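Protein sequences appear in the order of chains Y and C. Taking our numbering, the leading residue of the first sequence gets 1, the next gets one more, and so forth. Taking our numbering, the leading residue of the second sequence gets 308, the next gets one more, and so forth. Think of the CB as a built atom: it goes at the ideal place given N, C-alpha and C, for glycine as much as any other residue. Just so you know, these numbers come straight off a predicted model, no measurement behind them. This report concerns only the one structure given below.
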Amino acid sequence: MISIRGIGKSYGKIQALKDINIEVNAGEIFGLIGPDGAGKTTLIRILTTLLLPDTGSAQVMNLDVVKDFKLLRRDFGYMPGRFSLYEDLTVEENLELFASIFGTTISENYHLIEDIYKQIEPFKTRSAGKLSGGMKQKLALSCVMIHKPGVIFLDEPTTGVDPVSRREFWQMLHKLKQHGITIFVTTPYMDEASQCDRIALIQNGQLMSIDTPNAIVEQYKDDLYAIITDKRHGLLQDLRRYESAKSVFLFGSHIHYTDKQTQLDKPALNTYLQAHGHSQIEIRKIPPVIEDCFLALMGDLKEDAHA
Amino acid sequence: MPDNSIVVDRLSKKFGEFTAVNEISFETKKGEIFGFLGANGAGKSTAMKMLCGLLTPTSGKATVAGYDIASQSERVKRRIGYMSQKFSLYQDLTAIENIRFYAGIYGMADKDIKQQSDRLMQRLNLVDYANVKIEALPLGWKQKLAFSVAVFHRPEIVFLDEPTGGVDPVTRRDFWEMITQTAAEGTTIFVTTHYMDEAEYCDRISIMVDGKIEALGTPEQLKTNFAVSTIDEVFICLARPDANKTN
Chain Y
1 MISIRGIGKS YGKIQALKDI NIEVNAGEIF GLIGPDGAGK TTLIRILTTL LLPDTGSAQV
61 MNLDVVKDFK LLRRDFGYMP GRFSLYEDLT VEENLELFAS IFGTTISENY HLIEDIYKQI
121 EPFKTRSAGK LSGGMKQKLA LSCVMIHKPG VIFLDEPTTG VDPVSRREFW QMLHKLKQHG
181 ITIFVTTPYM DEASQCDRIA LIQNGQLMSI DTPNAIVEQY KDDLYAIITD KRHGLLQDLR
241 RYESAKSVFL FGSHIHYTDK QTQLDKPALN TYLQAHGHSQ IEIRKIPPVI EDCFLALMGD
301 LKEDAHA
Chain C
308 MPDNSIVVDR LSKKFGEFTA VNEISFETKK GEIFGFLGAN GAGKSTAMKM LCGLLTPTSG
368 KATVAGYDIA SQSERVKRRI GYMSQKFSLY QDLTAIENIR FYAGIYGMAD KDIKQQSDRL
428 MQRLNLVDYA NVKIEALPLG WKQKLAFSVA VFHRPEIVFL DEPTGGVDPV TRRDFWEMIT
488 QTAAEGTTIF VTTHYMDEAE YCDRISIMVD GKIEALGTPE QLKTNFAVST IDEVFICLAR
548 PDANKTN
């Protein structure tokens, strides 16, 4: 459905994307996950024909993003990171505008947006600028969908959105998926990985991993431990100074720890922590989450750069 | 200086018919990391603006660093620091120019500015980038600098409005270490965030729903009270009581 081969893009001296290769299957929710400045928006702009790549090529629904850009623009939906509907038009006028631009009507594709649009329909005479954040998103998603696109590109739809609204947004995407639409979505929130069928992790313009969220977690190389003691402050520093420590990261109330040895010497670590004034020590082996994988892959990337 | 850095007593703000903040009350201690959570539109920004002396309350009372936010708002502003992800530093100035600019606004002496800024540039590893405009620095560096600038004049309280949005997971953790360090030196940290794991780094958190504070306590207390294992779940129980049922 989307085929990206060797895409590279630089802005002056800054290399925003380096040799990106991704195949997105029809009907899947594909998540591009990484922090600000990783290259997510640059890639979406190339795929939506708004930016020319320096190297490589990309096809969306078998159309080339450079050569066939006019044809392609009729067939996808794009929701940019910033709210970009007409704030002085009403909810309904915005939707009508988008329908007519693409030569269709609201009634023709109403079934696609019904679930989402009916939640904001009571406010259809309100100007879009006066909607709450959550309602703006629902309207934007309705406008993106009204011409029945085969693929939609959503650039950070959940950034700055509270956890509950984020959850609701993902529920909407899962409903759209049931209509057979392919969804390409970017996010800086690692915990949203599990909402996607497959994900790509991106950092500094480089892809670090592409797979299902489960497979990425399974590829995590080390045994991971969650550690907590009665002395929260100081635990991080003490563990970092521990000779056998490989990685030490704060995760909520716990510390996520990996050891240089394949087999962690638990009693030794226990003794070390006790000697540093910790008690009620709990060391528990845990399965990693995507953020653990991202942190580990970032470490690998750094080592490669130094090598 | 009393032990409580912020004291809020039935503070309210109405915009016409709409009550954005509805009789909230809480205190923060000196050196405490206080997480101020809530859904979009729950009233967090309005409350924060009042505490920073930028918005007059409709009713109720609050003191920040010992000063009344309504009658002594200019004094409040001198004793606090503020940082948000959206706006903090001037992109077309260098790091050192930004530091001097803000320190000057807060009335610091030139000699102190010079001494402290040299030390800060070293600590942030920015010495080699002294003449580079902020816009050319990586986001993570900018955010660490923005925080350092916000606490440069040694305020009693620093307000952080979603300070870590969008930064990579390593930088996000570096940033929280800076926060913890600053709190240990006695500055109160008042922070909003949408990352629920960050709520766990706070000494206490409050959760606002429709203008009211519906929960207040240590992360452990809240998890115990709601019989759940993460703050994310506490948040969802409170912010959308029916969200769990419909799924």
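The alpha-carbon of LYS530 (chain C) is positioned some 12 Å away from that of SER253 (chain Y). In the DSSP assignment, GLN280 (chain Y) falls outside any alpha helix (DSSP H) and carries neither an H nor an E. Within the segment 507–526 of chain C, the residues whose Cβ lies closer than 9 Å to some Cβ of chain Y are GLU507, TYR508 and PRO526, listed in chain order. Shown here for ASP19 (chain Y): same chain residues with a beta carbon closer than 7 Å to its own, the five before and five after excluded, namely GLY6 and GLY8 in chain order.
The C-beta of PRO213 (chain Y) comes no closer than 8 Å to any C-beta of chain C. When DSSP states are grouped into helix, strand and coil, GLU507 (chain C) belongs to the coil group. In chain order, LEU224, TYR225, ALA226 and HIS256 place their CB closer than 8 Å to the CB of ILE286 (chain Y), counting only its own chain and leaving out the 5 sequence neighbours on each side. Residues of chain C whose Cβ lies closer than 9 Å to the Cβ of PRO188 (chain Y) are, in chain order, GLY472, GLY473, VAL474 and ASP475.
Sequence-distant Cβ neighbours of VAL60 (chain Y) in its own chain, meaning closer than 7 Å and more than five residues away, are ILE2, LEU47, LEU72, PHE76 and VAL151. The three-state secondary structure of VAL289 (chain Y), taken from DSSP, is coil. The beta-carbon of PHE341 (chain C) is placed no less than 8 Å from the nearest beta-carbon of chain Y. By the Cβ rule, the segment 529–543 of chain C counts as touching the segment 496–508 of chain C, because three or more pairs are nearer than 8 Å. Counting only Cβ-Cβ distances below 7 Å, TRP483 (chain C) has contacts in chain Y at LEU250, in chain order.
Boundaries of the beta strand (DSSP E) harbouring ILE387 (chain C): 387–391, taken from the DSSP string. With contact defined as three or more Cβ pairs closer than 8 Å, the segment 317–331 of chain C and the segment 346–366 of chain C are in contact. Spatial neighbours of ALA140 (chain Y) in its own chain (CB-CB distance under 7 Å, excluding positions within 5 residues in sequence) are listed in chain order as MET79, PHE83 and LEU85.
Here DSSP, grouped into helix, strand and coil, assigns GLN59 (chain Y) to strand. The Cβ of PHE294 (chain Y) sits closer than 8 Å to at least one Cβ of chain C.
Not a single CB atom of chain C sits nearer than 8 Å to the CB of MET61 (chain Y). Using a Cβ-Cβ distance cut-off of 8 Å, the segment 229–239 of chain Y and the segment 260–279 of chain Y are in contact, since at least three pairs of beta carbons, one from each stretch, lie closer than that value.
For HIS233 (chain Y), the secondary structure class from DSSP, reduced to helix, strand or coil, is coil.
Spatial neighbours of SER332 (chain C) in its own chain (CB-CB distance under 6 Å, excluding positions within 5 residues in sequence) are listed in chain order as VAL315, ASP316 and ARG317. When C-beta distances to chain C are compared with 7 Å, the residues of the segment 36–48 of chain Y below that value are ASP36 and GLY37, in chain order.
Within the segment 427–452 of chain C, PRO445 and LEU446 place their CB atoms closer than 7 Å to a CB of chain Y, listed in sequence order. At a cut-off of 8 Å between beta-carbon atoms, ASP504 (chain C) makes contact with chain Y. For ALA534 (chain C), no chain Y residue has a C-beta closer than 7 Å to its own C-beta; the minimum C-beta separation is roughly 17 Å. Counting only the Cα atoms, LEU301 (chain Y) lies some 30 Å from ARG166 (chain Y). In the three-state DSSP reduction, SER395 (chain C) falls in the coil class, being neither helix nor strand.
For GLY133 (chain Y), the neighbours in chain C by C-beta distance under 9 Å run, in chain order, ASN347 and GLY348.
Judged by pairs of C-beta atoms under 8 Å, the segment 466–475 of chain C touches the segment 487–498 of chain C, as three or more such pairs exist.
In this structure, the beta-carbon distance from ALA245 (chain Y) to ASP259 (chain Y) falls below 8 Å. Residue environment for TYR11 (chain Y): exposed (fewer than 16 other C-beta atoms within 10 angstroms of its C-beta). Per DSSP, reduced to three states, the secondary structure at SER209 (chain Y) is strand. Around the beta carbon of ASP36 (chain Y), 16 or more other beta carbons sit within 10 angstroms, so the residue counts as buried.
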